[in-house]
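Trainee: Remember, the numbering used here sits 17 above the position in the sequence shown when you count from 1.
Note that beta-carbon positions come from the ideal geometry of N, C-alpha and C, so glycine has one too.
The structure is given below, and queries will be raised subsequently.
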Amino acid sequence: MVSVAQIRPGDSVYLEEGGSLVGAVRTVQPRALVLWIENAGEFSVSEEAIRTAHDRKVLLDFERLEPPLREALAHARDAEVPGL
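Laid out in structure tokens, this is it:
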């Protein structure tokens, strides 16, 4: 588990190292984060669901996320236009 103390608003959110950006940190709370997920809006994530955080990047543990957030992440990149 990673402490949210090292995470800042604006940090990028990913599901895996080197993967696609899926969102950003909106707010840091005592034991949770509020994230903005592309094409889905805001979601709260407990610190138990954070795999690691470094270099202004937050990597989530997909298996520990709530089902609505999992569904949102599955569609986070849907609005992209190929080739742009």
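Under 8 Å Cβ to Cβ from residue 54, same chain only, skipping five residues before and after it: list those, please.
Mentor: Result list for residue 54: 30, 39, 40, 60, 86, 89, 90, 93, in chain order.
Trainee: Are the CB atoms of residue 48 and residue 63 within a distance shorter than 9 Å?
Mentor: Going by C-beta atoms, residue 63 is nearer than 9 Å to residue 48.
Trainee: What is the rounded straight-line gap between the Cα of residue 28 and the Cα of residue 72?
Mentor: Cα to Cα, the separation comes out at about 9 Å.
Trainee: Tell me the rounded alpha-carbon separation between residue 76 and residue 33.
Mentor: The straight-line gap from Cα to Cα measures roughly 6 Å.
Trainee: Which class does residue 49 belong to by DSSP, given the choice of helix, strand or coil?
Mentor: Of the three classes helix, strand and coil, the one that applies to residue 49 here is strand, per DSSP.
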